[in-house]
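Residue numbers (this note's numbering), protein chains in the order written: chain A, 1 to 129; chain B, 1 to 129.
First comes the structure, then the notes that go with it.
2 protein chains.
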Amino acid sequence: MADNQKCPDCKRINEVLSRVGDRWSVLVVISLAEHGTLRFNELKRHLGISQRMLSLTLRELERDGLVIRTYHPVIPPKVEYALSALGKSFREPVIALGLWAHDNLPNIDVSRERYDATKEKQKKTGSSL
Amino acid sequence: MADNQKCPDCKRINEVLSRVGDRWSVLVVISLAEHGTLRFNELKRHLGISQRMLSLTLRELERDGLVIRTYHPVIPPKVEYALSALGKSFREPVIALGLWAHDNLPNIDVSRERYDATKEKQKKTGSSL
DNA sequence: CCGTATCCGATGAGATACTG
DNA sequence: CAGTATCTCATCGGATACGG
Chain A
1 MADNQKCPDC KRINEVLSRV GDRWSVLVVI SLAEHGTLRF NELKRHLGIS QRMLSLTLRE
61 LERDGLVIRT YHPVIPPKVE YALSALGKSF REPVIALGLW AHDNLPNIDV SRERYDATKE
121 KQKKTGSSL
Chain B
1 MADNQKCPDC KRINEVLSRV GDRWSVLVVI SLAEHGTLRF NELKRHLGIS QRMLSLTLRE
61 LERDGLVIRT YHPVIPPKVE YALSALGKSF REPVIALGLW AHDNLPNIDV SRERYDATKE
121 KQKKTGSSL
């Protein structure tokens with residue numbers, strides 16, 4: 001329910017985030033972008049992700065066409081993951097976000113400290129703003 | 001546990017997403033970017049968000065210094081929210097993401113259909129890849 | 001009007017154990 | 001090695017009700 005969305009942009013953004021907006025998806029894409037091709041356990045080690053979440057994430061990314069899964073029928077089994085063209089193109093907006101973060105995370109930290117300090121004082125004085 | 005993160009980029013991205021990566025935060029920033037200044041219930045209507053989530057989201061955004069909350073002590077109460085300079089700067093990487101989405105969501109849809117269709121066939125034939 | 005508090009179901013995510 | 005299956009706990013997020 002609640003299709004109260006007036007602005008079309010909100011709907012779009014919502015759609016994006018619903019698909020590729022979760023933490024692990026982004027991290028996997030970044031990892032593959034850097035290393036080119038990785039095996040299941042390599043990704044697992046690099047990201048510090050649980051087996052379960054990696055499995056689920058990779059399946060979704062493959063389904064969405066961002067990563068390509070290549071199964072080599074050898075013993076022991078060998079499966080390689082790489083970015084598709086779509087996956088590579090996704091890297092750019094993510095990098096933009098990363099740059100913004102690099103520039104502004106310190107600002108956020110400062111703001112948080114100030115905010116928390118202010119709230120503490122308000123508790124003491126009991127002031128109602 | 002699991003500080004297995006080898007690549008520093010992953011840590012950074014993780015930090016970004018932890019702060020401003022949730023759906024509602026992004027949507028609120030977009031809304032404020034478009035309308036300039038909005039009251040609590042205006043935001044609520046525009047986004048189709050629940051009172052609870054809007055309250056939580058706005059508090060976090062204010063704490064992070066992305067939005068500025070202005071309380072007008074009149075009757076009935078009036079509170080206005082607007083983007084800070086930091087909040088405005090955040091809009092740009094988000095727009096980049098929105099553009100990517102606009103261009104590529106159809107591709108994702110196609111990919112999903114193909115994937116699902118393939119999986120269906122595999123179930124019928126019982127093929128193991 | 002602007003919130004906070006409470007309850008509750010749905011989802012996210014790690015740990016563990018097991019199969020091919 | 002590359003997963004799947006459970007179990008379990010935390011967090012997300014809506015609905016509702018109440019207070020300033």
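For glycine and all other residues, C-beta sits at the position ideal for the given N, C-alpha and C.
- Chain B places no beta carbon closer than 9 angstroms to that of L83/A, leaving this residue out of the contacts.
- Interface flag for F90/B against chain A is set, since a Cβ pair is found closer than 9 angstroms.
- For the stretch 6–27 of chain B, the residues whose beta carbon sits under 9 angstroms from a beta carbon of chain A are, in order, K6, C7, D9, C10, R12, I13, N14, E15, V16, L17, S18, R19, V20, G21, D22, R23, V26 and L27.
- Between the C-alpha atoms of T118/B and S84/A there is a straight-line separation of about 18 angstroms.
- Under the three-state reduction of DSSP, V79/A is assigned to strand.
- Separation of F40/B and E80/B (C-alpha to C-alpha, rounded to the nearest whole angstrom) is 7 angstroms.
- Inter-residue distance for L105/B and V16/A is about 8 angstroms (C-alpha atoms, whole angstroms).
- Note: T37/A is bridge-paired with A82/A in the DSSP secondary-structure output.
- A contact is defined here as three or more CB-CB pairs under 8 angstroms, and the stretch 16–29 of chain B meets this definition with respect to the stretch 19–31 of chain A.
- In terms of beta-carbon proximity, V74/B stays away from the interface with chain A, with every pair separated by 9 angstroms or more.
- At least one beta carbon of chain A lies nearer than 9 angstroms to the beta carbon of A101/B.
- Interface residue (Cβ-Cβ distance to chain A less than 9 angstroms): N41/B is not classified as such.
- With fewer than 16 other Cβ atoms inside 10 Å of its own Cβ, I75/B counts as exposed.
- Of the candidates L47/B, S55/B, G65/B and T37/B, the residue whose Cα lies closest to the Cα of N107/A is G65/B.
- Residues A33 of the same chain have their beta carbon placed closer than 8 angstroms to that of K88/A, with the five preceding and five following residues left out of the count.
- Less than 9 angstroms divides the Cβ of L97/A from the Cβ of V94/B.
- The DSSP-derived three-state label of V74/A is coil.
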